[in-house]
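Each protein sequence line maps, in turn, to chains C and E. For the first sequence, the numbering used here begins at -8 and goes up steadily by one. For the second sequence, the numbering used here begins at 97 and goes up steadily by one. Below is one structure, written out as structure tokens; comments come after it.
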Amino acid sequence: MSITVRIQTHTTHGTEPELKTLEPILKTENLWKLYHAGKVEVPALRGVNFDVLPGESVAVMGPSGCGKSSLLYVIGGLAQASRGKVLVDGNDLSAMTDADRTKLRRHKIGFVFQRFNLLPALSAKGNIAIAQYIHGDGFDPHRFDVVTKMLGLEGRLHHRPSEMSGGEQQRVAIARAIINEPKILLADEPTGNLDTKNSEIVLEMLRRLNKDLGQTIVMITHNPEATAYFDRVVHMRDGVIVDGIPAD
Amino acid sequence: MMRHFVMRNLFHRPMRTAIGVLAIGFEVMLVIVIVGLTSGMLQETAKRIEGIGADIMVQAPGAQIFFTMSGAPMPAKIAERLRELKYVQAVAPALLQFSMSGGVETIWGIDPATFHAVSNGFVFLEGRDLQGPDDVLIDDWQAKAKHLKVGDTYELLNHKWKVVAIVEHGKAGRIFVPITTLQELVGARDKATLFLVKCTRPDHTDDVIAEVKQLLPTSPVRPVKEFMTLMTSTNIPALETFIHSMIALAVSIGLLVIFLTLYTTVLERTRDIGVLKSLGASKLLIIRSLLSETALLCLLGIGAGVGLSYLFRAVFLKLFPTLSILITPGWIVRAGLIALVGALLGASYPAWLASRKDAVQALSYD
């Protein structure tokens, strides 16, 4: 299903709105995710319908336990949907095997986590390079330089995570997530472990990625101030999208 | 990149890596040393038998090639019958007695005259030949090991012997006493463990063997020159089983240590495995990285094991100069392969477990 959107484009006649038809890069249809606690089924997602357009930045907000992280994991292919559909760049994740979802993650999705999740044995450079290695195209020095410069990591590349501040670690995690030019960047409360100053730096970087490079971003956050950096804010409650209703 | 990742992971926990390396090193050393000690002793014994200079050895029916533990079941007078055979130049009976007093010793009871006729005599480094009933000859290695010199008293089999000479090593045994005294001491009067036969010419050996086999059809009769090839663990009953048991024990130690090391590694790296999965790492890649890490750990362990083996041999031979540990390239390679296969087997289950981890659970692991 396509979506017709009015977007601002530059034409020979000056700056004027133009109608364009865009296919969503990410789409969920009646998405359910059930967890099992013994014999009891606990629904984390209850029929989520959610679209993200290419180049869009979306913040997902909601109280703890509302299903935000579950949504992120399912649309990122880390968890299997219980019911419904997840389409990423036209690929239906719900119909894929684990191996196929792994392959899709490798090529189309980048993750940034709240706890940075850098590999402690590797330097910053190693943490970024391993993503390139797993991607399969080998080390691309040009792309590496562009990304690390953009994230201001040039001077920290040979440091290990334990030798870096939280802000620096998160910037390395962002670099690792975007080094292979994924179609979608999924961020799970990326500022949750950072102070205000570092949070602003990270959010600004995400905004620049979106505005300058057209990177599609879906971010989960508790922080209402963070939503100011995003095109759209989606609210969740009790496993469903409740757009238009304030989440808190 | 994979090599770099594996190396970094390996050295991220240096203590654990060091323990793993030492465990594998110990396993490799155990295999090399056990095999080296048994084959070293066998080879050394064989060399000494060949060094006697006899052409044929006749043993009692049912006797084993490694005759250290043999008793004295043959009448010594068989020597007379053997001397009468065609092409036989000399025959020397010998009584061998195993002694555990003050170490593992094999005492050779010989008649000096006949033994010299077969072997062309000892090379005396010091002292004189056996004359009195309580005289003992020892070779230079034994003298060094026991700190003995000519004139000293040497107690063996609860009997006080007088060291009358130190001879060059490499002929038969390390301790020689008069056969008659030994026969009395062990209650084997007029008995012998074996007979050494010297032919008039070495090319008559086969003819003499055929004659002896006619005379003593149930006795093992062997050309002495074949002793080196015959003296292997496969020809010694139970020795092969002993070696296999020791190797199995060593492999079990290595396998268990690697299993535990990798299991704790996988537990500790649960979150890292989740991260690798989020980056799109396949199960195969996760297994490969852990098995590569194990293989690298094992290679370091093999190196340490070889080094430890030589160190052990040096210390061991300093303490027990009469024993021998034969370290061969063939067994170094075999011990290495055994360790590698054992380690990879030990690592395979934790690696498989890691590859099957749920990515979401792994990422939320504390």
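Every residue, glycine too, gets a C-beta built ideally from N, C-alpha and C.
Subject >> C-alpha distance - A391/E paired with D186/C, whole-angstrom precision >> reply: 43 Å
**OP:** Answer yes or no: do V51/C and L62/C have a C-beta to C-beta separation smaller than 9 Å?
**Re:** yes
Subject >> Ranges of the beta strand (DSSP E) found wholly within the stretch 187 to 219 of chain E, counting only runs of at least 3 >> reply: 201 to 206
Original post:
With a cut-off of 9 Å, does the C-beta of M(-8)/C fall near any C-beta of chain E?
Top reply: No answer about M(-8)/C holds up, because its pLDDT of 45 lies below 50 and its placement is not dependable.
Subject >> Cutoff 7 Å; reference W204/E; Cβ partners in own chain excluding five residues on either side >> reply: A190, L192, A268, G269, I271 and F272
Subject >> Residue ranges of each alpha helix (DSSP H) within the stretch 225 to 304 of chain E, 4 or longer >> reply: 236 to 242 and 275 to 282
Original post:
For chain C, is any of its Cβ atoms less than 9 Å away from the one on L392/E?
Top reply: no
**OP:** Starting from M98/E, follow the alpha helix (DSSP H) in both directions and report where the run begins and ends.
**Re:** M98 to H108
Original post:
Given S451/E, which residues of its chain have a CB within under 6 Å of its CB, disregarding the five upstream and five downstream residues?
Top reply: K379, I382 and I383
Original post:
Name the DSSP bridge partner or partners of P34/C?
Top reply: L25/C
**OP:** Could you list the residues in the stretch 361 to 386 of chain E with a C-beta less than 8 Å from some C-beta on chain C, going in chain order?
**Re:** R367, D368, G370, V371, L372, K373, S374, L375, G376, A377, S378, K379 and L381
Original post:
Taking DSSP as the reference, what is the three-state secondary structure of V233/C?
Top reply: coil
Original post:
Does DSSP put H226/C in a helix, a strand or coil?
Top reply: strand
**OP:** Would you check if the stretch 209 to 217 of chain E and the stretch 134 to 153 of chain E touch, i.e. whether three or more CB-CB distances between them fall below 8 Å?
**Re:** yes
Original post:
Which one of S156/C, R199/C, V224/C and I119/C has the shortest CA to CA distance from M210/C?
Top reply: V224/C
Subject >> Continuous beta strand (DSSP E) stretch holding R177/E: start and end >> reply: Taken as a continuous stretch (DSSP letters only), R177/E belongs to no beta strand (DSSP E), being part of the alpha helix (DSSP H) at I174 to R179.
**OP:** Output yes if chain A places a C-beta closer than 9 Å to the C-beta of V456/E; else output no.
**Re:** In the displayed structure, chain A is absent; the protein chains listed are C and E.
Subject >> Test item: CB-CB of L200/C and M141/C under 9 Å >> reply: yes
Original post:
In three-state terms, what does DSSP make of R318/E?
Top reply: strand
Original post:
For K59/C, which residues from the same chain have a beta carbon less than 7 Å from its beta carbon, with the 5 sequence-adjacent residues on both sides left out?
Top reply: V51, G53, I211 and M227
Subject >> For V117/E and I343/E, believed in contact at Cβ under 8 Å, the rounded distance >> reply: Not quite, the Cβ-Cβ distance comes to about 20 Å (not below 8 Å), so this is no contact.
Original post:
Is the shortest distance between the beta-carbon of I175/C and the beta-carbons of chain E less than 9 Å?
Top reply: no
Original post:
Relative to the alpha-carbon of V469/E, which residue among T276/E, S195/E, A239/E and N254/E has its alpha-carbon at the smallest distance?
Top reply: One cannot answer for residue 469/E here, as it falls past the ends of chain E, which runs 97 to 462.
**OP:** For G68/C, I'd like the list of residues in its chain whose CB is within less than 6 Å of its CB, leaving aside the five on either flank, ordered along the chain.
**Re:** L84, R92, L95 and R96
Original post:
When we look at the beta-carbon of E201/E and count the other beta-carbons within 10 Å, is it buried (16 or more) or exposed?
Top reply: buried
Original post:
At a Cβ threshold of 9 Å, is H265/E touching chain C?
Top reply: no
Original post:
At a Cβ threshold of 9 Å, is H100/E touching chain C?
Top reply: yes
**OP:** Give the residues of chain E in contact with N108/C, contact being defined as C-beta atoms less than 9 Å apart.
**Re:** R367, D368, G370, V371, S374 and L459
Original post:
With 16 other CB atoms within 10 Å as the buried threshold, where does T182/C fall?
Top reply: buried
Original post:
Within the 9 Å Cβ cut-off, does P268/C reach chain E?
Top reply: For residue 268/C there is no data in the structure shown, the boundaries of chain C being -8 and 239.
**OP:** Provide the residue span of the alpha helix (DSSP H) that contains K379/E, from first to last.
**Re:** K379 to L415
Original post:
Under three-state DSSP, which class holds R74/C?
Top reply: strand
Subject >> Beta carbon proximity, P54/C to chain E, threshold 9 Å >> reply: no
Original post:
What did DSSP end up calling I66/C once you bin it into helix, strand or coil?
Top reply: helix
Original post:
Helix or strand or just coil, what does DSSP make of D136/C?
Top reply: helix
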